[in-house]
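S.K.: A single structure is presented below for examination.
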Amino acid sequence: MRAVESGVPESTDPASRDDAQERRWLSIVGIGEDGLEGLSPAARAAIGAAQIVFGGARHLALAGDAVTGEARTWPSPFEAGIDEVLALRGRRICVLASGDPFLYGVGAVLARHVPAGEMFALPAPSSFSLAAARLGWALAEIGCLTVHGRSLDLLRAHLNPGRRLLVLTSDGAGPGEIARLLAGTGFGGSTLHILEALGGPREQLRSSLAEGFALRDIDPLNLVGIELAAGEGARVIARAPGLPDEFFENDGQLTKREVRAVTLSALAPRRGELLWDIGAGAGSVGIEWMLADPSLRAIGIEENAERAARARRNAHALGVPGLTVVEGKAPDALAGLPVPDAVFVGGGAGDSGVLDAAIAALRPGGRLVVNGVTLETEARLIALHAAQGGELVRLSVARAASVGGLTGWRPAMPVTQWSWEKPGNWVKPGGGL
């Protein structure tokens with residue numbers, strides 16, 4: 024088999040080739056600011072062969088005379104366009120997208136609904152590729168992210184001295200907002216490169232320090248390249264678990280740094296997983312779970328409204344605004360939540376029904392970690408370990424502190440930790456847990 028211009032694999036059997044082309048009713052074409060000039064013959068052919076062409080008003084204007092079928096502007100809300108395309112399955116449909124449709128684009132969304140065998144995509148260079156080429160940066164060595172339609176706080180987790188970032192923004196105000204965030208977190212000495220309308224006749228590149236940023240009339244279609252420089256007092260979020268306790272706004276209900284690092288190790292986050300953090304307090308465990316990988320999700324369950332609000336603020340301040348915080352008391356507040364891959368119980372382990380509900384909800388193969396500081400909770404964890412197995416660990420931490428004019432060790436309360444993996448054939452024992 025070899026690839027033909029249309030992007031559809033060609034078989035030596037003509038009938039098989041025709042069937043394959045017939046199945047591929049949906050084409051997704053990436054188009055840049057250079058319009059038709061930047062399109063390959065195959066991309067032009069896909070647009071011209073389509074009975075209906077979807078795209079934003081800008082995309083349709085860029086495609087111009089290549090559109091011979093019906094042109095439909097992508098509707099709002101975005102999801103309505105997906106429904107329209109799916110309703111036309113079997114007709115020849117083309118969807119236009121900016122640059123690479125599978126890089127934060129419509130192609131990735133459509134692929135969740137349309138099998139790969141029913142579509143073919145013809146990407147153009149992504150804005151990230153164009154920006155890296157203009158700046159002379161190695162694309163594989165820099166961080167690429169988007170805050171288009173997303174919280175700017177996502178940037179915070181990527182602020183490391185000497186790092187380079189490429190950031191897609193929502194509009195012309197985006198670069199100024201990024202500059203203010205950097206200046207407010209001790210990265211005011213960072214250099215911002217504003218790349219506007221890349222690949223087209225309006226392309227422009229301007230640079231400025233984050234501190235004192237004053238560029239105006241920025242094209243809404245822009246991307247920001249950042250060379251990060253940390254000043255004194257810059258808040259740098261480390262890549263390992265166990266962030267300093269002072270990074271978290273708290274009222275004392277906080278899993279302390281050393282215990283938190285061991286807890287995250289026991290929870291063993293894996294890509295795409297969901298954590299329940301029962302008794303979230305300041306939200307520290309859920310936040311550090313999410314910092315481990317962008318694909319990770321967490322739900323904090325916290326009955327105290329003030330603490331729940333504090334956990335949300337901490338999540339934004341530490342670069343994981345996607346943390347979900349549910350206000351309510353377990354186990355009732357657990358009803359209806361998505362099935363977790365891991366559960367941490369940092370508070371309420373001794374409350375009636377909490378561990379029963381958590382274990383019942385946990386998927387087979389999922390991990391449960393429970394921390395206890397009271398003798399009553401410790402006794403229960405010892406009994407659970409005897410009955411169910413797992414690992415039982417006692418954690419003791421002492422910190423150097425002033426004792427009169429000298430220095431001595433000041434011990435923190437010891438923590439008993441039970442960690443357990445739910446068997447695939449687990450059956451609730453009689454009498455509950």
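The opening position of the sequence shown corresponds to residue 24 in this note's numbering, with each subsequent residue numbered one higher. Ideal placement from N, C-alpha and C gives every residue a C-beta, glycine not left out. Remember, predicted model here, so these are calculated numbers, not experimental data.
1. Are the beta-carbon atoms of ALA321 and ASP300 separated by less than 8 Å?
2. Run through DSSP, which three-state label would ASN16 get?
3. What whole-angstrom Cβ distance do GLY79 and THR96 have, given they're in contact under 8 Å?
4. State the DSSP-derived secondary structure class of TRP312, mapped to helix, strand or coil.
5. Three or more beta-carbon pairs under 8 Å between the segment 59–69 and the segment 161–176, yes or no?
6. Cβ of PRO344 within 8 Å of Cβ of VAL259?
7. For the alpha helix (DSSP H) containing LEU398, list its first residue and its last residue.
8. Where do the N-terminal and C-terminal ends of the alpha helix (DSSP H) with THR286 fall, by residue?
9. Rounding to the nearest angstrom, what Cα-Cα distance links ARG330 and GLY275 in this structure?
10. What's the call for LEU205, buried or exposed, on a 16-neighbour Cβ count within 10 Å?
11. Please say whether LEU277 and PHE270 have beta carbons closer to each other than 8 Å?
12. Look up PRO198 in the DSSP assignment and say whether it is helix, strand or coil.
13. Return the chain-ordered list of same chain residues with a C-beta closer than 7 Å to the C-beta of ILE105, the five sequence neighbours on each side being excluded.
14. Less than 8 Å between the CB atoms is what I'm expecting for ALA72 and LEU119, so what's the real figure, rounded?
15. Just to confirm the assignment: which complete alpha helix (DSSP H) runs, minimum length 4, are found wholly within the segment 130–190?
16. Whose CA, out of GLY427, ARG403, THR430 and GLY447, lies closest to the CA of TRP441?
17. In angstroms, rounded to a whole number, what distance separates the CA positions of SER150 and ALA180?
18. Report buried or exposed for PRO100, applying the criterion of at least 16 other Cβ atoms within 10 angstroms of its Cβ.
19. For GLY304, which residues in the same chain have their Cβ closer than 8 Å to its Cβ, ignoring the five residues on either side in sequence?
20. What are the boundary residues of the beta strand (DSSP E) that ALA421 is part of?
21. Hey, how far is the Cα of ILE54 from the Cα of ALA94?
22. Given this structure, state the Cα-to-Cα distance separating GLU350 from GLY302, to the nearest angstrom.
23. Looking only at its chain, what residues have a beta carbon closer than 8 Å to the beta carbon of ALA89, apart from the 5 residues adjacent to it on each side?
24. Assuming PRO361 and LEU297 form a contact by the criterion Cβ under 8 Å, report the distance between their Cβ atoms to the nearest whole angstrom.
25. Mind checking ALA372: buried by the 16 CB within 10 Å criterion, or exposed?
26. Leaving out five residues on either side along the sequence, give the residues of the same chain with a beta carbon under 6 Å from the beta carbon of HIS339.
27. Is SER230 near LEU244, with beta carbons less than 8 Å apart?
28. With distance defined between alpha-carbon atoms, name the residue in PRO267, GLY130 and TRP48 nearest to ARG112.
29. Excluding the five sequence neighbours on either side, which residues of its own chain have a C-beta within less than 6 Å of the C-beta of ALA220, listed in chain order?
30. List in chain order: all unbroken alpha helix (DSSP H) runs of 4+ residues lying wholly within the segment 193–271.
31. To the nearest whole angstrom, what separates the beta carbons of GLY395 and TRP443, a pair I think is in contact under 8 Å?
32. For ALA94, does the three-state DSSP call read helix, strand or coil?
33. Below 7 Å CB to CB, which residues in the same chain sit around GLU200 once its five sequence neighbours on both sides are set aside?
34. At a cut-off of 7 Å, is ALA237 close to the ligand ADP when judged by its beta-carbon and the heavy atoms of the ligand?
35. Name the DSSP beta bridge partners of LEU319, please?
M.R.: Walking through what the data contain:
1. Translated into positions along the sequence shown, residue 321 becomes position 298. Translated into positions along the sequence shown, residue 300 becomes position 277. Contact: yes.
2. In the structure as shown, the chain starts at 24 and stops at 456, and residue 16 therefore has no counterpart that could be examined.
3. Residue numbering aside, residue 79 sits at position 56 when the sequence shown is read from its first letter. Residue numbering aside, residue 96 sits at position 73 when the sequence shown is read from its first letter. Sure, about 7 Å apart at Cβ, within 8 Å.
4. Here residue 312 refers to the residue found at position 289 of the sequence shown. Here TRP312 sits in helix by DSSP.
5. no
6. To locate residue 344, count along the sequence shown from 1; it is residue 321. To locate residue 259, count along the sequence shown from 1; it is residue 236. No.
7. The residue you call residue 398 lines up with position 375 of the sequence shown. Start and end: 398–411.
8. Along the sequence shown, read from residue 1 onward, the residue named residue 286 stands at position 263. Counting along the chain, the alpha helix (DSSP H) containing THR286 begins and ends at 280–290.
9. In the sequence shown, the residue the question calls residue 330 occupies position 307. In the sequence shown, the residue the question calls residue 275 occupies position 252. Going by the C-alpha atoms only, they are around 10 Å apart.
10. In the sequence shown, counting from the first residue as 1, residue 205 sits at position 182. Counting Cβ neighbours within 10 Å, LEU205 comes out buried, since at least 16 surround it.
11. For this step, residue 270 is matched to residue 247 along the sequence shown. For this step, residue 277 is matched to residue 254 along the sequence shown. No, the Cβ-Cβ distance between PHE270 and LEU277 is not below 8 Å.
12. Residue mapping note: residue 198 aligns to position 175 of the sequence shown, counting from 1. The answer is helix: DSSP assigns PRO198 an H, G or I state.
13. As a working note, residue 105 is residue 82 in the sequence shown. Closer than 7 Å at the Cβ level, and outside the excluded window around ILE105, lie VAL132, LEU133 and HIS136.
14. Residue 72 sits at position 49 when you count from the first residue of the sequence shown. Residue 119 sits at position 96 when you count from the first residue of the sequence shown. At roughly 14 Å, the Cβ-Cβ gap does not stay under 8 Å, so ALA72 and LEU119 are not in contact.
15. 150–158
16. If you number the sequence shown from 1, residue 441 lands on position 418. Here the closest residue by C-alpha is ARG403.
17. The count along the sequence shown starts at 1 and reaches residue 150 at position 127. The count along the sequence shown starts at 1 and reaches residue 180 at position 157. So the two alpha carbons sit approximately 22 Å from each other.
18. If you number the sequence shown from 1, residue 100 lands on position 77. By the Cβ-count criterion, PRO100 is exposed, with fewer than 16 other Cβ atoms from all chains shown falling within 10 Å of its own Cβ.
19. For this step, residue 304 is matched to residue 281 along the sequence shown. So the qualifying residues of the chain are ASN273, GLN276, LEU277, THR278, GLU325, ARG330, ALA334, GLY369 and GLY370.
20. As a position in the sequence shown, residue 421 is number 398, starting the count at 1. Element bounds for ALA421: 421–426.
21. Here residue 54 refers to the residue found at position 31 when the sequence shown is read from its first residue. Here residue 94 refers to the residue found at position 71 when the sequence shown is read from its first residue. Rounded to the nearest angstrom, the two C-alpha atoms are 15 Å apart.
22. The residue you call residue 350 lines up with position 327 of the sequence shown. The residue you call residue 302 lines up with position 279 of the sequence shown. The alpha-carbon of GLU350 is positioned some 10 Å away from that of GLY302.
23. Residue mapping note: residue 89 aligns to position 66 of the sequence shown, counting from 1. If we look at ALA89 and ignore the five residues flanking it on each side, its Cβ neighbours are LEU59, LEU62, ARG67, ILE70 and GLY71.
24. Numbered from its first residue, the sequence shown carries residue 361 at position 338. Numbered from its first residue, the sequence shown carries residue 297 at position 274. Yes, they are in contact, since the Cβ atoms of PRO361 and LEU297 sit about 6 Å apart, within 8 Å.
25. Reading the sequence shown from its first residue, position 349 is the one you call residue 372. Burial call: buried.
26. Here residue 339 refers to the residue found at position 316 of the sequence shown. Closer than 6 Å at the Cβ level, and outside the excluded window around HIS339, lie ASP176.
27. By 1-based counting over the sequence shown, the position of residue 230 is 207. By 1-based counting over the sequence shown, the position of residue 244 is 221. Cβ distance not < 8 Å, so SER230 and LEU244 don't count as in contact.
28. Here residue 112 is taken as the residue at index 89 of the sequence shown, counted from 1. The residue with the shortest Cα to Cα distance from ARG112 is TRP48.
29. As a working mapping, residue 220 is identified with position 197 in the sequence shown. Cβ within range, chain order: GLU56, GLU226, ASP242 and LEU244.
30. Counting only runs of 4 or more, we get 197–207.
31. Numbered from its first residue, the sequence shown carries residue 395 at position 372. Numbered from its first residue, the sequence shown carries residue 443 at position 420. About 14 Å separates the two Cβ atoms, so there is no contact after all.
32. Here residue 94 refers to the residue found at position 71 when the sequence shown is read from its first residue. Correct three-state label for ALA94: strand.
33. Along the sequence shown, one-based indexing puts residue 200 at 177. So the qualifying residues of the chain are LEU175.
34. This structure does not include the ligand ADP; it has no bound ligands of any sort.
35. Here residue 319 is taken as the residue at index 296 of the sequence shown, counted from 1. For LEU319, which the question treats as bridged, DSSP gives no partner whatsoever.
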